[in-house]
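Numbering (the numbering used here), first residue to last: 316 to 440. We put the beta carbon where it would ideally sit given N, CA and C, even for glycine.
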């Protein structure tokens, strides 16, 4: 499994807009490019203006992620993309981290798509 982490600083008052657009965009990216989904985290230690969010996306392998990244993870819902971009005050244009999972001991909720790959025996993507 391959993991990519991203960060965004969101304009004050636009957190709900950002989260809704992030959720819809993640669904579209999963359907179009084959991601395994993503988690969005609020940076609890950040003291900057606005809220900093960290997204941790799981992919079956680096090649699948790379194809999506090279395509700019584009999807056919311009209003979702516009809402996402409008909420962002700052971000990096490259991922914060690119990681290959070596051991996965996360407990998965029943029905979670990641449950099928939670065993280290599953091997790299």
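Quiz prompt | Rounded separation between residue 392 and residue 336 - CA only | solution = What you label residue 392 is simply residue 77 of the chain shown in a count that begins at 1. What you label residue 336 is simply residue 21 of the chain shown in a count that begins at 1. One C-alpha to the other measures close to 10 Å.
Quiz item: Whose C-alpha, out of 405, 403, 378, 417, is nearest the C-alpha of residue 349?
Solution: To locate residue 349, count along the chain shown from 1; it is residue 34. When each option's Cα is compared against that of residue 349, the closest is 378.
Quiz item: For the ligand NAP, any of its heavy atoms closer than 7 Å to the Cβ of residue 369?
Solution: This structure simply doesn't include the ligand NAP, nor any ligand for that matter.
Quiz item: Looking only at its own chain, which residues have a Cβ that is under 7 Å from the Cβ of residue 410, when we skip the five neighbours before and after it?
Solution: Within the chain shown, residue 410 is the residue found at index 95, counting from 1. Result list for residue 410: 319, 320, 321, in chain order.
Quiz item: Do the segment 352-360 and the segment 397-410 touch if we need at least three Cβ pairs shorter than 8 Å?
Solution: no
Quiz item: What first and last residue would you give for the beta strand (DSSP E) that runs through residue 426?
Solution: Against the chain shown, residue 426 aligns to sequence position 111. Neither: residue 426 is in no beta strand (DSSP E) and is coded neither H nor E.
Practice problem: Would you mind reading off the limits of the alpha helix (DSSP H) that contains residue 379? | Solution: Stepping through the chain shown from its first residue, residue 379 is reached at position 64. Looking at the DSSP string, the run of the alpha helix (DSSP H) that includes residue 379 is 377-385.
Quiz item: Rounded to whole angstroms, how far is the Cβ of residue 402 from the Cβ of residue 325, which I believe are closer than 8 Å?
Solution: Numbered from its first residue, the chain shown carries residue 402 at position 87. Numbered from its first residue, the chain shown carries residue 325 at position 10. Right, their Cβ atoms sit about 5 Å apart.
Quiz item: Near residue 356, what residues of its chain come up, given a Cβ to Cβ distance below 6 Å and the 5 sequence neighbours on each side ignored?
Solution: Residue numbering aside, residue 356 sits at position 41 when the chain shown is read from its first letter. Closer than 6 Å at the Cβ level, and outside the excluded window around residue 356, lie 369.
Quiz item: What residues in its chain sit with their C-beta under 7 Å from that of residue 380, if we drop five residues either side in the sequence?
Solution: Here residue 380 corresponds to residue number 65 of the chain shown, with the count starting at 1. Closer than 7 Å at Cβ, skipping near neighbours: 317, 319, 374.
Quiz item: Cβ of residue 424 within 8 Å of Cβ of residue 365?
Solution: Here the question's residue 424 lines up with position 109 in the chain shown. Here the question's residue 365 lines up with position 50 in the chain shown. No, these two residues do not count as a Cβ contact at 8 Å.
Quiz item: With 16 as the cutoff for other CB atoms within 10 Å, does residue 341 come out buried or exposed?
Solution: Translated into positions along the chain shown, residue 341 becomes position 26. It counts as buried.
Practice problem: Please name the residue, chosen from 388, 382, 372, 333, that lies closest to residue 274 on a Cα-to-Cα basis. | Solution: Only positions 316 to 440 of the chain appear in this structure, which leaves residue 274 out of reach.
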